[in-house]
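Novice: At position 136 of the sequence shown (counting the first as 1) the number is 183 in my numbering, and the numbers step up by one without a gap. Every residue gets a Cβ at the ideal spot worked out from N, C-alpha and C, and that includes glycine. Note that this is a predicted model, so its numbers are computed, not measured. Structure provided below as structure tokens; questions to follow.
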Amino acid sequence: MNKTLELIWKTLINPKKAFDTIREEKPVYAALIYLLLFGLVSVVSGHFASQSLNLSSSMKDVPQNILPFFNNFQNAIKSIASSPMYFVIGMIAPYLSNFISVSIYELLAQFTIKKSNGLALFTAWAFASIPMLIYKLLDLLFSVSMNYVLPGWVSSLFLIWEIVLLIIAIKEVYQTDAGTAAGIYFTPVVAIIVLVVLYVLFLLPAVSNLLKLMPNGGLTP
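Okay, here's the thing in structure tokens:
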């Protein structure tokens, strides 16, 4: 636990030094403890955020005949976030997400720069998510104390911070330059975006035809 706290602090104040330490020592057990903490904060934060969700307040201009859909959706979210399965999946998800992400980037690093350091990357990748842990703690604080959900732009700032840490993690773990590290990180991201765009373009004609078949006035008040 002491090592976990030490790496959390180092990642916040000097990420380069933190990831250098991880590359040399490969303290996987510290990452496993951290991911447990991340999962716990995530499920608790998600639960309270869902209970603070109020779509009706932002749907004043939405046609009245589709308001029940949004109300049912809101109630479904609250129900899911209160179920035991949500907590189980929420605790397992950080481990799976970290493992899958590291597997992809480790394979990509082997192809591009001919280097392999999977255990170190697994640990560094976990601690690089500290910005989102802080965001979730803030979200939990606001949800509990003020019944308020943080806006999307706040999470975007923490996401950018996390991306910077992930690129630094790749750079230090594989001991490469910043440009190569950024290229490795963004390659799967760009590939996913291209696939999504192609998928949307493929579905667009079908959705357009479906909308034409809807009765006139179907979305009017």
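Where does Leu197 sit, in a helix, a strand or coil, going by DSSP?
Specialist: For the purposes of this step, residue 197 is identified with residue 150 of the sequence shown, where counting begins at 1. In this structure, Leu197 counts as coil in the three-state DSSP scheme.
Novice: Between Gly137 and the rest of its own chain, which residues show a CB-CB distance below 7 Å, the 5 nearest in sequence each way excluded?
Specialist: Counting from one through the sequence shown, the residue named residue 137 turns up at place 90. If we look at Gly137 and ignore the five residues flanking it on each side, its Cβ neighbours are Gly86, Ser89, Val90 and Gly93.
Novice: Rounded to whole angstroms, how far is the Cβ of Val211 from the Cβ of Asn164, which I believe are closer than 8 Å?
Specialist: Within the sequence shown, numbered from 1, the residue matching residue 211 stands at position 164. Within the sequence shown, numbered from 1, the residue matching residue 164 stands at position 117. Actually they do not touch by this definition, with Cβ atoms about 20 Å apart.
Novice: What does the alpha-carbon distance come out to for the pair Trp208 and Tyr232?
Specialist: Residue mapping note: residue 208 aligns to position 161 of the sequence shown, counting from 1. Residue mapping note: residue 232 aligns to position 185 of the sequence shown, counting from 1. In a straight line, the C-alpha of Trp208 is about 14 Å away from that of Tyr232.
Novice: Leaving out five residues before and five after Ile60 in sequence, what residues of the same chain have Cβ atoms less than 6 Å from its Cβ?
Specialist: For the purposes of this step, residue 60 is taken as residue 13 along the sequence shown, with counting starting at 1. Counting only Cβ-Cβ distances below 6 Å, and skipping sequence neighbours, we find nothing.
Novice: Determine whether the Cβ of Ala96 lies closer than 8 Å to any Cβ atom of chain C.
Specialist: The structure shown contains no chain C; it is built from a single protein chain.
Novice: Kindly confirm or deny that the segment 185-202 and the segment 152-169 touch, where touching means at least three C-beta pairs closer than 8 Å.
Specialist: no
Novice: Among Ala96, Ile147 and Ala140, which has the Cα closest to the Cα of Ile124?
Specialist: Within the sequence shown, the letter at position 77 stands for residue 124. The candidate whose alpha carbon is nearest that of Ile124 is Ala96.
Novice: Going by beta carbon distance, what residues of the same chain come within less than 8 Å of Lys57, once the five residues before and after it are set aside?
Specialist: Against the sequence shown, residue 57 aligns to sequence position 10. These residues qualify, in order along the chain: Lys64, Ala65 and Thr68.
Novice: Give the DSSP-derived three-state secondary structure of Asp224 in the structure shown.
Specialist: Along the sequence shown, one-based indexing puts residue 224 at 177. Looking at Asp224 - three-state DSSP - the assignment turns out to be coil, as it is neither helix nor strand.
Novice: Assuming contact is defined by CB atoms lying nearer than 8 Å, are Val149 and Leu168 in contact in what I supplied?
Specialist: Here the question's residue 149 lines up with position 102 in the sequence shown. Here the question's residue 168 lines up with position 121 in the sequence shown. Taking 8 Å as the Cβ cut-off, Val149 and Leu168 qualify as a contacting pair.
Novice: Which word fits Thr267, buried or exposed, when buried means at least 16 other C-beta atoms lie within 10 angstroms of its C-beta?
Specialist: Numbered from its first residue, the sequence shown carries residue 267 at position 220. With a pLDDT of only 45 at Thr267, under the threshold of 50, the placement of this residue in the model should not be trusted; the figure read from the coordinates follows. So Thr267 ends up on the exposed side.
Novice: Taking only three categories from DSSP, how would you classify Ile139?
Specialist: One-based indexing of the sequence shown puts residue 139 at position 92. Ile139 falls in the helix class under three-state DSSP.
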